[in-house]
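Note that the sequence shown covers residues -20 to -1, 1 to 318 in mature numbering (1 follows the signal peptide of the UniProt record, and there is no 0).
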Amino acid sequence: MQVKHLLLIAILALTAACSSKEVVDENLSEVELYQQAQTDLDNNSYTSATSKLKALESRYPFGRYADQAQLELIYANYKNAEPEAAKSAAERFIRLHPQHPNVDYAYYLKGLTSFDQDVGILARFLPLDMTKRDPGAARDSYNEFAQLTSRFPNSRYSPDAKQRMIYLRNLLAAYEIHVADYYLTRQAYVAAANRGRYVVENFQETPAVGDGLAVMVESYQRLHLDELATTSLETLKLNYPNHPSLVDGEFRPSVDEADNRSWLSKATLGLIESRPPLPPGETRANQDVQKQFQDAKDSIPNDLKPKDENGDVIEPEEPETPENDRSWFSYMTFGMFD
């Protein structure tokens, strides 16, 4: 059934694209244009209604139906799936008539256009997760509904706008969690912790706050920031004791700790280690910087090195290091594969 719907929509779209633009009779009066536009709107002929409303506005800019035609043009473009035209018409009406008694309707339609902009043809007929899509239109819609509810709190459109804002806020928070989960899988723990904290701080009273705390706990544990991890975990247990990440009161990370060993190390079950594992808090970048410093230090000519009173070069004392327990394979290969 969904395939039939998609084919039907595709055929109608091609037919509309190939059809010629309607020519509006130049002899029609203002009242006749408005009445025909109303008939087209009642019959869901939004393309024809748009043509007549534009003609009415251009031919009678100071007529009795000019303002109403501009408002209904916003609606016709919105119903005709032309979001950019609808937004442009709404912004134009708000700019020209900021004190109009129905200007709240323009604000509402502007927000509604952005709200439905992400729900395209595929989203209507296929089970797409809207929380994983680009939230640009959702963020615009939330801001536009916020303008409506703040400027016109007593508007008849405000209750519906507030309900849509709740949905949009939950959607935006869930999107941030998806991004944080992606960072966790990529071992970008600082970025993941920042996303989780952003949800906790900016999206209170949404279902995603518990997920944000769980992301913070997991990220801080990976970063060995024990104090922050403990604080976040206590907050999670106190406010969301039934969160999926808590199993019998113990935290279970959503992403297994990554195995950063080389393929040679994995194939030989760790007998051949190309590079030893890093201690907590140490990074490869830090080791590379230390090696570059040592190489630069070794390349200094003897003439420039400090000398004692006898003229001998003073070598710095090397710090004592604990004896390293080498494997039998390391001894047999003279350390070539350490």
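A virtual CB, placed ideally from N, CA and C, is assigned to each residue, including glycine.
Quick one: is residue i buried, meaning 16 or more other Cβ sit within 10 Å of its Cβ, or exposed?
i: Thr30; result: buried
i: Tyr222; result: Residue 222 is actually Asn in this sequence, not Tyr. Asn222 should be labelled exposed.
i: Asp20; result: buried
i: Asn90; result: The sequence shown places Lys at residue 90, not Asn. That one is buried.
i: Val195; result: buried
i: Ile157; result: buried
i: Ser225; result: buried
i: Thr165; result: exposed
i: Asn57; result: buried
For residue i, report the span of its alpha helix (DSSP H) as first-last.
i: Arg149; result: 138 to 165
i: Gln15; result: 10 to 22
i: Gln97; result: 83 to 97
i: Phe125; result: 116 to 131
i: Ala69; result: 63 to 76
i: Asp228; result: That residue, Asp228, is in no alpha helix (DSSP H); it is neither H nor E in DSSP.
i: Glu181; result: 169 to 182
i: Leu218; result: 206 to 219
i: Thr27; result: 26 to 39
i: Leu51; result: 46 to 59
i: Gln201; result: 188 to 202
Taking the alpha-carbon positions, what's the residue i to residue j distance?
i: Gly192; j: Tyr200; result: 12 Å
i: Val180; j: Val189; result: 5 Å
i: Ile54; j: Ala70; result: 6 Å
i: Ala61; j: Ser38; result: 23 Å
i: Gly229; j: Glu214; result: 10 Å
i: Leu152; j: Val11; result: 46 Å
i: residue 325; j: Gln127; result: With the chain represented from -20 up to 318, any question about residue 325 goes unanswered, as that position is not in the structure.
i: Arg119; j: Glu185; result: 18 Å
i: Ile146; j: Phe183; result: 10 Å
i: Pro133; j: Leu148; result: 19 Å
i: Glu207; j: Ala171; result: 18 Å
i: Thr211; j: Asn123; result: 33 Å
i: Gln274; j: Ile280; result: 10 Å
i: Pro81; j: Ala117; result: 27 Å
i: Gln167; j: Leu205; result: 15 Å
i: Asp22; j: Ser130; result: 32 Å
i: Pro286; j: Ala173; result: 48 Å
Return yes when at least one heavy atom of the ligand MG lies under 8 Å from the C-beta of residue i, else no.
i: Asp228; result: The ligand MG is not among the ligands present in this structure, which contains no ligands whatsoever.
Please state if the CB of residue j and the CB of residue i are separated by a distance shorter than 9 Å.
i: Gly43; j: Leu33; result: no
i: Ser121; j: Arg144; result: yes
i: Tyr155; j: Phe125; result: no
i: residue 327; j: Tyr163; result: The requested residue 327 does not occur in the structure, where the chain is confined to residues -20 to 318.
i: Tyr14; j: Tyr45; result: yes
i: Asp140; j: Val235; result: no
i: His77; j: Asp96; result: no
i: Pro115; j: Asn150; result: no
i: Phe231; j: Leu216; result: yes
Less than 6 Å between C-beta atoms, sequence neighbours within five positions excluded: which residues of the same chain meet that for residue i?
i: Ala(-4); result: Per-residue confidence for Ala(-4) stands at a pLDDT of 45, beneath the threshold of 50, marking its modelled position as unreliable; the derived number appears in the next sentence. Around Ala(-4): no qualifying Cβ.
i: Pro233; result: Glu198
i: Ala17; result: Ala29, Lys32, Leu33
i: Lys59; result: Tyr26
i: Tyr169; result: Ser199, Arg202, Leu203
i: Tyr159; result: Sequence check: residue 159 is Val here, not Tyr. For Val159, where only same-chain residues beyond five positions count, the Cβ hits under 6 Å are Arg175.
i: Ser9; result: none
i: Ala49; result: Leu33, Leu36, Glu37
Please work out which residues of its chain come closer than 8 Å, Cβ to Cβ, to residue i, disregarding the five sequence neighbours upstream and downstream, and give them in chain order.
i: Lys67; result: Lys90, Thr93, Ser94
Near residue i, what residues of its chain come up, given a Cβ to Cβ distance below 7 Å and the 5 sequence neighbours on each side ignored?
i: Ala86; result: Leu51, Ile54, Ala70, Phe73, Ile74
i: Asp84; result: Leu128, Phe132, Ser135, Tyr137
i: Ala209; result: Val197, Tyr200, Gln201
i: Pro107; result: Per-residue confidence for Pro107 stands at a pLDDT of 48, beneath the threshold of 50, marking its modelled position as unreliable; the derived number appears in the next sentence. Result list for Pro107: empty, nothing under 7 Å.
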